[in-house]
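This report concerns only the one structure given below.
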Amino acid sequence: MDKNDLVQKAKLAEQAERYDDMAAAMKAVTEQGLELSNEERNLLSVAYKNVVGARRSSWRVISSIEQKTEGNEKKQQMARDYRVKIESELQEICHDVLNLLDKFLIPNASQPESKVFYLKMKGDYFRYLSEVASGDSKKGFRRGDRRARHLERGLVQRQHADHAATKGQPHSVDIGKPGRRGRDRRRGELERTSLLTHVPTSLPLISLRLSSPPPVLLLLPPSLRTHETAHSFPRPTRFDLRPPDLPSV
Numbered sequence: 001m002d003k004n005d006l007v008q009k010a011k012l013a014e015q016a017e018r019y020d021d022m023a024a025a026m027k028a029v030t031e032q033g034l035e036l037s038n039e040e041r042n043l044l045s046v047a048y049k050n051v052v053g054a055r056r057s058s059w060r061v062i063s064s065i066e067q068k069t070e071g072n073e074k075k076q077q078m079a080r081d082y083r084v085k086i087e088s089e090l091q092e093i094c095h096d097v098l099n100l101l102d103k104f105l106i107p108n109a110s111q112p113e114s115k116v117f118y119l120k121m122k123g124d125y126f127r128y129l130s131e132v133a134s135g136d137s138k139k140g141f142r143r144g145d146r147r148a149r150h151l152e153r154g155l156v157q158r159q160h161a162d163h164a165a166t167k168g169q170p171h172s173v174d175i176g177k178p179g180r181r182g183r184d185r186r187r188g189e190l191e192r193t194s195l196l197t198h199v200p201t202s203l204p205l206i207s208l209r210l211s212s213p214p215p216v217l218l219l220l221p222p223s224l225r226t227h228e229t230a231h232s233f234p235r236p237t238r239f240d241l242r243p244p245d246l247p248s249v
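Each residue of the sequence shown is one higher than the one before, starting from 1 at the first, in UniProt numbering.
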């Protein structure tokens, strides 16, 4: 069937809330080997999210019933068999999605946003598998989830760094979070590049950046001191570096 016809069929299935048919149509679109558009990508995600979501909900209900029927062996065995059947369906769906991601979606993604989307999707389906697994299998699926999340975060950080570089701005990772480390870094930069004006040390210091570097340290009288300026720079008691032509105070 033509790609456009399959996409239209998936849309009709979504409106009819027949998500298994929707997933089958979008799987056929993906297996054609072409990069998906944003609309097609969202249709695929919605289809499989609803398909696997129904099984996850059923699995939780049956697992609860199985635990409540511990005194009745026959009912418990019936609930256990039904839970295993649901687990098999859920695992098959998750493996189908992971196969599509590894074979078609991630390799064909040309945009960073698409790769981030697919890596997050991959982590989600590893997590769904770990929910119904046990023992070593559960640990393996959790490792797959963490690996996908790690790749996703790394790609997002590189994307932000590239975006900042194109604008000539420092990357947020290089600036540092507010705190002692960030303050020490900024303090060192100011001490190396600032022009210091010696005045009585009883006045608070602030840093103002003019239209061109370097920044200049100015002193405000107490009447102009505000809460913001009072904390914008540490309060020194004296400066060892003084202009040689000014007398010391």
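Every residue gets a Cβ at the ideal spot worked out from N, C-alpha and C, and that includes glycine.
- Burial state of residue 87 is buried, judged by a 10 Å Cβ sphere holding 16 or more other Cβ atoms.
- Scanning 113, 83 and 53 for the CA closest to the CA of residue 67 turns up 83.
- Residue 8 carries a helical assignment under DSSP once its states are collapsed to helix, strand and coil.
- A Cβ-Cβ distance of about 11 Å is found for the pair residue 60 and residue 90, leaving them out of contact under the 8 Å criterion.
- Under the three-state reduction of DSSP, residue 130 is assigned to helix.
- Note that the segment 70-84 does not touch the segment 43-52; fewer than 3 beta-carbon pairs, one per stretch, sit closer than 8 Å.
- Counting only the Cα atoms, residue 116 lies some 21 Å from residue 52.
- A direct Cα-to-Cα measurement between residue 58 and residue 39 gives close to 29 Å.
- Burial state of residue 134 is exposed, judged by a 10 Å Cβ sphere holding fewer than 16 other Cβ atoms.
- Exclusion of the five residues before and after residue 23 leaves 47, 48 and 51 as the residues of its chain whose Cβ lies within less than 6 Å of its Cβ.
- DSSP places residue 80 in the helix class (H, G or I) of the three-state scheme.
- For residue 38, the enclosing alpha helix (DSSP H) has its first and last residue at 38-68.
- For residue 36 and residue 12, the gap between their C-alpha atoms comes out near 19 Å.
- In the structure shown, residue 73 falls within a helical segment according to DSSP collapsed to helix, strand and coil.
- Nearest to residue 119 by alpha-carbon distance, out of 147, 9, 17 and 29, is 147.
- In the three-state reduction of the DSSP assignment, residue 14 falls in the helix class.
- Residue 122 sits buried, since 16 or more C-beta atoms from the chains shown fall within 10 Å of its C-beta.
- Comparing alpha-carbon positions, the option among 130, 106, 98 and 143 lying closest to residue 34 turns out to be 106.
- Annotation for residue 25: the continuous alpha helix (DSSP H) segment containing it runs 19-30.
- Under the three-state reduction of DSSP, residue 121 is assigned to helix.
- By a beta-carbon distance limit of 8 Å, residue 104 does not contact residue 14. Their separation comes to about 21 Å.
- In this model, residue 29 and residue 129 are separated by some 24 Å (Cα to Cα).
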